[in-house]
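K.L.:
Residue numbers (my numbering): 6 to 73.
One structure is given below, represented as structure tokens, and several questions about it will come after.
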Amino acid sequence: MLSERQAAEFLGFTIRALQSWRQKGNGPKFVKISARAIKYRRRDLVEWCEGKIRKSTSDSGGAGGDES
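Following this line, the structure appears as structure tokens:
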């Protein structure tokens, strides 16, 4: 399991971006260990990234795509 900081580094985004996505419900899956401890599984980060792959700039990803 990765910490919030490690997950942000892995994805190349800020911790703040991860926090925002969690609140909006459109980021990678996460594990809430406690009220203040959030962890990420590497496979969930990879899966989320793979869901972002597009063929063109006009490709919205269709139904169920995560908007960031």
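Glycine is no exception: its CB is placed at the ideal position from the N, C-alpha and C atoms.
1. Considering only residues of the segment 7 to 66, which uninterrupted beta strand (DSSP E) runs meet the minimum length of 3 residues and lie entirely inside it, listed in chain order?
2. Inspect the CB distances between the segment 7 to 25 and the segment 55 to 63 and report whether three or more fall short of 8 Å.
3. Do residue 36 and residue 6 have their beta-carbon atoms positioned less than 8 Å apart in this structure?
4. Counting C-beta neighbours from all protein chains within 10 Å, is the total for residue 43 16 or more, i.e. buried, or is it exposed?
P.N.:
Let me spell this out:
1. 43 to 45
2. no
3. yes
4. buried
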